[in-house]
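A.B. asks: Dropping the structure in here first, questions after.
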Amino acid sequence: MATIYTIGHSTRGADELIDLLREHGVTRLVDVRRFPTSRRHPHFSRDPLAAALEGVGIDYAHEGDLGGYRTPRQDSPNTAWRARGFQAYADHMETEGFRAALERLEEAAERAPTAIMCAEAVPWRCHRQLIADALVARGHRVIH
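Numbering (the numbering used here), first residue to last: 7 to 150.
See the structure below:
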């Protein structure tokens with residue numbers, strides 16, 4: 007089983023993010039934002055980020071099917087979630103799109119040291135935590 011890191015880009019500079027990835031031996035970054043852009047931090051938009059990572063030997067992949075910003079199902083079985091966004095993401099986790107994307111992430115992590123990235127700095131306030139929980143349940147080690 008793989009060790010998978012999670013990171014939120016937050017207000018960091020690109021160099022700081024890259025330094026953290028390199029410090030932990032990460033050679034593949036999987037962007038789990040549904041929309042891989044940032045107006046406030048344009049260096050974290052898909053193309054500039056991919057170029058910066060490529061320049062230091064880190065592969066970039068966008069996995070939109072693992073992205074957040076979902077809408078809860080009308081018949082949602084996940085009504086215990088107080089945060090509507092987490093309820094919506096829990097619903098999304100039951101879809102074939104999520105399962106297939108999670109399998110692609112697992113396969114990538116078996117081949118190369120991998121981190122998943124979103125914008126939120128704090129993992130427990132981000133859907134990365136739910137992805138991490140799914141990975142741990144499948145036997146992987148996750149480090150935030």
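The beta-carbon is built from N, C-alpha and C at its ideal position, and this holds for glycine as well.
With distances taken from CA atoms, which of T85, Y75, I24 and G31 is nearest L55?
C.D. replies: The candidate whose alpha carbon is nearest that of L55 is I24.
A.B. asks: Per DSSP, H68 is paired with what?
C.D. replies: Answer by DSSP bridge pairing, in chain order: D37.
A.B. asks: Skipping 5 residues on each side, what residues in its chain have a beta carbon closer than 7 Å to that of L141?
C.D. replies: If we look at L141 and ignore the five residues flanking it on each side, its Cβ neighbours are I10 and V148.
A.B. asks: Can you tell me the Cα-Cα spacing of S51 and R144, whole angstroms?
C.D. replies: In a straight line, the C-alpha of S51 is about 30 Å away from that of R144.
A.B. asks: With G73 as the anchor, note down where its beta strand (DSSP E) starts and where it stops.
C.D. replies: No beta strand (DSSP E) holds G73; DSSP gives it neither H nor E.
A.B. asks: Looking at the strands, I want to know which residues DSSP matches up with Y95.
C.D. replies: Partner(s): none; Y95 has no beta bridge.
A.B. asks: Mind checking which residues open and close the alpha helix (DSSP H) that includes G103?
C.D. replies: Note, G103: alpha helix (DSSP H), E102 to R117.
A.B. asks: Starting from I10, follow its DSSP beta bridges and name the residues at the other end.
C.D. replies: DSSP output for I10 lists T120 and V148 as bridge partner(s).
A.B. asks: Do the stretch 24 to 37 and the stretch 122 to 134 touch if we need at least three Cβ pairs shorter than 8 Å?
C.D. replies: Enough Cβ pairs lie closer than 8 Å, so yes.
A.B. asks: Does Q6 come out as helix, strand or coil in the three-state DSSP assignment?
C.D. replies: Nothing in the structure corresponds to residue 6, since the chain is present only between 7 and 150.
A.B. asks: What are the boundary residues of the alpha helix (DSSP H) that includes D81?
C.D. replies: From DSSP, D81 is part of no alpha helix (DSSP H); its letter is neither H nor E.
A.B. asks: Taking the C-alpha atoms as reference points, what is the distance between E100 and P42?
C.D. replies: For E100 and P42, the distance between alpha carbons rounds to 23 Å.
A.B. asks: When the Cα atoms are used, what is the spatial distance from R109 to Y95?
C.D. replies: The displayed chain sequence assigns Glu, not Arg, to residue 109. So the two alpha carbons sit approximately 17 Å from each other.
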